[in-house]
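Taking it in order: structure first as C-alpha cells, then the write-up.
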Amino acid sequence: MYKAVVIGGSAGSFQVITKILSSLPKNFPLPVLLCLHRLKHVRSGFVEALSIKSTIPIVEPYDKETIKPGKGYLAPSNYHMYVELNKRIALSTEEPVNHSRPSIDLTFETAAQAYRDKLIGIILSGANRDGAYGLKKLKHAGGLAIVQDPNECQVKTMTEASLKLTTVDHIFTTEQIISFLLKLK
Amino acid sequence: MNRYELGIVDTRNIIKTLQDVYNYDFKNYALTFFKRRVEKIIINHNLKDADGFIQKIETNKDFFEIFLHEMCVEDTEMFRDPSLWRVLKEELFPKIIHGAVNFKIWFPEVSSGEELFSTAIILKKLNLLKNVQLIASSISELGIEKTKKGLFDPKKIEVNDPNFKRVFSESELSDFYTHENDTVNWSTSLIENTKFIKQNIIFDDYPKGIKLVLFRNQMIYYNQILQERFIKIIYNSLVPGGHIVIGNHEKIDYWNSDKDYTLINKAESIYKKKLS
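Just so you know, the protein sequences line up as chains A and B, in that order. Take the first sequence: its letter number 104 is residue 103 in numbering that gives the first Met the number 0, and every next letter is one higher. Take the second sequence: its letter number 97 is residue 96 in numbering that gives the first Met the number 0, and every next letter is one higher.
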C-alpha cells in the first residue's frame, strides 16, 4: 500500500544508511528518496560510496527524472531535491533552508504533497533541526513517520527536534527500521 | 516555522490571472517550484492568501514587475561548480574564442548576474573579453537594472572567493570588486559592452547567430514541455557547431535530440549543436 520511502540524515547517519541499503532485498518494491547533508564542493564519491554497499541501484537523479520502484535517489550536492506531483524529481538551486542545500525539510514536504498517505518518512542521526518540519508535514498529509531512536544516534539533535514537533508512529533502532522495511510488500 | 500553503485550485487561479491580465503563461513552470515561490511572495509582501495576491497583482503593474523579479531564482554564488569554470578557462574558451571577432555568448535568463560576471572575469583574465559580445536576457526588468549596477550581496563573498580560488589559484577575486560598508560593487567595465534584453515569457524574439549559450540551472524550474520548447529556441539561436552549457544535473533528452546535439563533456553538461 505504500508508494515510497523518504529518508533524511546528517552527521552520524552514513553508517546507518549504508546498513539499511545493504539489507534491502534486490526487488525492494518502493523507491527510496535520500536527502543527506553533504559537502557542497565534493560532487562525486558519495553516490559511489553508497552504491558499494547497497543492494538496490542508487543514482543522483537528473532534473525531471521519473521515480521508479526499487531504486534509490540521492539528492545531488548543492541542489534541493523536490518531488513533483507527477512523481518526477525536480531539482532547485534556491537558497539554502536551515543552512542546508539539499534541505531535508523540502524533500520531505514535496514528497508528502506527491504521495500523501502512501509515504514512509524516516529521520536519522543529525546535528541540526533540518527535517523536523518536513516530517511534521509528512505526518499531517497522512504519511507514516519514523524516527531513529535518539539513544542510538551519534548526534541526537535532528531526531530530538523531530520528536518535539511531531507525534511519530515509531521510534526505531536501525535493526528495527530494517525489519520494518523488509516486511513491506 | 509556520508557512502559508497554496492549494492546487488557488495555484491554478493565480496562473490564470497572470495569463488573463498580463498574457504571461506560467502553467509550464515546475509546479512545486511555482507554488513555493508564490507562497514566499505572499508572505514577504503580507498578502495573506491567494486572493490577496490576485487582487494586488491585478491592479498593480509595479507589483507584477516585482513578482517577475522574485520568480527569478537569485544565484547564490559566483563560479558555482569550479570544475566547469576550469574547463571553460583551460579548454573551451581558448579553443573556440581565440582569434574570433564579435563572438556571441547568450545568457537566456541572466537572473542575478553571477554567471555573467563569472564569464566576463574569465574572459578578461584570458584577454578574450574584447573578442566577444555578451548578451544577457531576463524576464525581469528589475533584475536587469540590478545586474547592470553590479551590486551584490556581501554575504556571498565567503562562497565566491573560495570558488574563484579553485579556478584561479594565484589571483584574487577582489581585483574585480570593491567592498565598502555594506555593498559589494563589481567592476561594471566587465559588462560595459553587454547587451541586455528584457524577454517576454515566450521568448518570441530571441537573438540569432549565437556561438555559446550559458543556461545552467534555469530550466530546472520548467516542466518538460517548456524545457523542450527552450531547447528548440536555443537550437535556432545557435550557429551550427555552437555550444550550450546546462547544469550538471540537466540533460538534453527529447525524442531524437541526438540528431541535434552532441554531448561533448558529460560531467559538466556541455553540448555542441551538430553541423547539419
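Glycine is no exception: its CB is placed at the ideal position from the N, C-alpha and C atoms. Since we're looking at a predicted model, the values are computed, not measured.
Item: T261(B) to K210(B) span [Cα, whole Å]; Value: 15 angstroms
Item: Stretch pair the stretch 159-169 of chain A + the stretch 11-31 of chain B: three plus CB contacts closer than 8 angstroms; Value: no
Item: Residue burial classification, T109(A) (beta-carbon count within 10 angstroms, cutoff 16); Value: buried
Item: Environment of D116(A) [buried if 16+ CB atoms lie within 10 Å]; Value: exposed
Item: Proximity test, Cβ basis, 8 angstroms: A89(A) and chain B; Value: yes
Item: Spatial distance of N235(B) from S117(B) (CA atoms); Value: 25 angstroms
Item: From Q14(A), M80(A), K39(A), residue whose alpha carbon lies closest to that of S53(A); Value: Q14(A)
Item: Exposed unless 16 or more other CB atoms sit within 10 angstroms - verdict on P75(A); Value: buried
Item: Cα-Cα separation between E64(B) and H36(A), rounded to whole angstroms; Value: 35 angstroms
Item: Cβ shell of L123(A) (< 6 angstroms), same chain only, five flanking positions each side left out; Value: G8, S12, V15, Q147
Item: Test item: CB-CB of E73(B) and Q217(B) under 8 angstroms; Value: no
Item: Between the CA atoms of S111(B) and G142(B) - distance to the nearest angstrom; Value: 6 angstroms
Item: Whether E267(B) touches L83(B) by CB criterion (8 angstroms); Value: yes
Item: L30(B) at chain A interface by Cβ criterion, 8 angstroms; Value: yes
Item: CB of G207(A) within 8 angstroms of CB of L20(A), strictly; Value: Any property of residue 207(A) remains undetermined from this structure, which presents chain A solely from 0 to 184.
Item: Cβ neighbours of K55(B) in the same chain (closer than 8 angstroms, five flanking residues each side left out); Value: H44, L46, F62
Item: CB of T106(A) within 8 angstroms of CB of Y132(A), strictly; Value: no
Item: Within-8 angstroms CB hit, L38(A) to chain B; Value: no
Item: Contact set between H248(B) and chain A, taken where Cβ atoms lie within less than 8 angstroms; Value: E59, P60, Y61, D62, P75, Y78, L90
Item: Test: T16(B) CB closer than 8 angstroms to a CB of chain A; Value: no
Item: Environment of P56(A) [buried if 16+ CB atoms lie within 10 Å]; Value: exposed
Item: Under the three-state DSSP convention, the category N255(B) falls into; Value: coil
Item: When P239(B), L274(B), Y220(B) are compared against R87(A), the one with the closest alpha-carbon; Value: Y220(B)
Item: Cut-off 8 angstroms between Cβ atoms - residues of its own chain near N126(B), not counting five sequence neighbours on either side; Value: none
Item: Interface residues of chain B facing L84(A) [CB-CB closer than 7 angstroms]; Value: L30
Item: Secondary structure of M77(B), DSSP reduced to three states; Value: coil
Item: 7 angstroms CB neighbourhood of Q226(B) in its chain, flanking five on each side removed; Value: M218
Item: First and last residue of the uninterrupted beta strand (DSSP E) at G7(A); Value: 3-8
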